[in-house]
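Participant: Got a structure for you, questions after.
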Amino acid sequence: MFSKFKNRGRVLEDIIEETCKKIAEDERIDAKISKRIPLIGSDKATHEFDVLYEYEHFGLQYRVAIECKSWNKSINKSQLTDFAYKLKSVGNINGIFLSESNLQRGAKLVSEHEDIKFIRYSDFRSFSLSQNEKYLFPNYRTIGDPFWMFINKAGEGFLEQNVLFNDILFLFESKYYAMEFQKLYLKEENNDIELVGVSQRHLKDIQHSQIKNKFQISLFNPIEELKQSKVPFSSIGSEELDWFIR
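Each residue of the sequence shown is one higher than the last, beginning at 1 in UniProt numbering.
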């Protein structure tokens with residue numbers, strides 16, 4: 001009996017993998033889709049995910065883990081808690097829990113609290129192309145490595161997406177300082193302006209674009225007070241960015 005359900009689960013994983021590939025093709029995304037992929041978590045343990053969907057967009061690394069269950073019984077709290085623990089341990093990853101059966105009340109509470117999306121297999125394709133696309137597309141949770149910056153999600157092309165303020169790209173070494181800057185100076189900006197972590201790949205793209213397009217890069221200087229009339233930034237060139245690129 002166990003073997004029967006295990007084989008059925010493998011078939012469902014294959015179906016979800018192929019669906020993810022088709023979605024990536026339709027959206028013209030160079031995505032990597034893996035099955036039964038082991039990842040090392042912060043607890044030093046190996047955590048396996050049924051399907052892993054990952055790609056880089058605007059220089060931001062994005063990943064979503066998909067758990068596939070073919071059980072006839074309803075999903076209990078411990079099963080969602082185990083999945084949530086794996087997600088937290090690995091970090092910087094969204095979670096989708098797929099099943100043919102319903103969630104028990106405790107499992108539903110865990111799903112809502114941990115921001116894990118629960119959907120049925122039959123709804124997966126329509127879900128991924130709906131307003132819930134944040135689970136398969138960037139949610140801008142990348143950790144700064146080492147910088148944070150603001151991007152325009154509605155921008156067309158690299159410059160519109162990254163260089164927002166009078167042809168200046170602002171970098172912050174601390175998320176806290178970036179958030180304080182946002183409170184003081186960006187209150188009136190629209191919802192398309194998003195604070196994001198800068199990955200190493202994104203930083204290299206910024207460097208190459210700055211050499212080509214000659215825009216100014218300004219690094220926030222925490223020595224100055226945020227509330228001074230002069231915004232505390234120091235200009236840096238593409239050569240200085242080499243200090244931060246590994």
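C-beta: ideal position from N, C-alpha, C; glycine also. Since this is a predicted model, take the numbers as computed values, not measurements.
By Cβ distance below 6 Å, which residues in the same chain neighbour F49 in space, the five residues on each side in sequence not counted?
Facilitator: Counting from one through the sequence shown, the residue named residue 49 turns up at place 49. Cβ within range, chain order: I37 and A65.
Participant: Which residues in the same chain have their Cβ closer than 8 Å to the Cβ of I15, if we skip the five residues on either side of it in sequence?
Facilitator: In the sequence shown, the residue the question calls residue 15 occupies position 15. Cβ neighbours of I15 within its own chain (closer than 8 Å, five residues either side excluded): Y121.
Participant: Under the three-state reduction of DSSP, which class applies to A107: helix, strand or coil?
Facilitator: Taking the first residue of the sequence shown as position 1, residue 107 is located at position 107. DSSP places A107 in helix when its eight states are reduced to three.
Participant: Check each candidate in K117, K187, I206 and F124 and name the one with the smallest Cα separation from M149.
Facilitator: Translated into positions along the sequence shown, residue 149 becomes position 149. Nearest neighbour of M149 by Cα position, chosen from K117, K187, I206 and F124, turns out to be I206.
Participant: Strictly by DSSP, which residues pair up with L195?
Facilitator: Residue 195 sits at position 195 when you count from the first residue of the sequence shown. Bridge partners of L195: F150.
Participant: Mind checking which residues open and close the beta strand (DSSP E) that includes residue 248?
Facilitator: The structure shown has nothing for residue 248, since the chain only spans 1 to 246.
Participant: Just to confirm the assignment, what range does the alpha helix (DSSP H) spanning L241 have?
Facilitator: Residue numbering aside, residue 241 sits at position 241 when the sequence shown is read from its first letter. Boundaries of the alpha helix (DSSP H) harbouring L241: S238 to L241, taken from the DSSP string.
Participant: Ignore the nearest five residues each way along the sequence and tell me which others in S209's own chain have a CB closer than 6 Å to its CB.
Facilitator: The residue labelled residue 209 in the question sits at position 209 within the sequence shown. Same-chain partners within the cutoff: F158.
Participant: Return the chain-ordered list of same chain residues with a C-beta closer than 7 Å to the C-beta of E133, the five sequence neighbours on each side being excluded.
Facilitator: Taking the first residue of the sequence shown as 1, we reach residue 133 at position 133. Model confidence at E133 stands at a pLDDT of 49, short of 50, so the residue's coordinates are unreliable; what they give is reported in the following sentence. Here the set comprises nothing.
Participant: Verify whether the separation of the beta carbon atoms of H47 and V110 is less than 8 Å.
Facilitator: Working through the sequence shown from its first residue, we reach residue 47 at position 47. Working through the sequence shown from its first residue, we reach residue 110 at position 110. Their beta carbons are not under 8 Å apart, which means H47 does not touch V110 by this criterion.
Participant: I'd like to know whether the C-beta of F244 is nearer than 8 Å to at least one C-beta of chain B.
Facilitator: You won't find chain B in this structure, because it holds only one protein chain.
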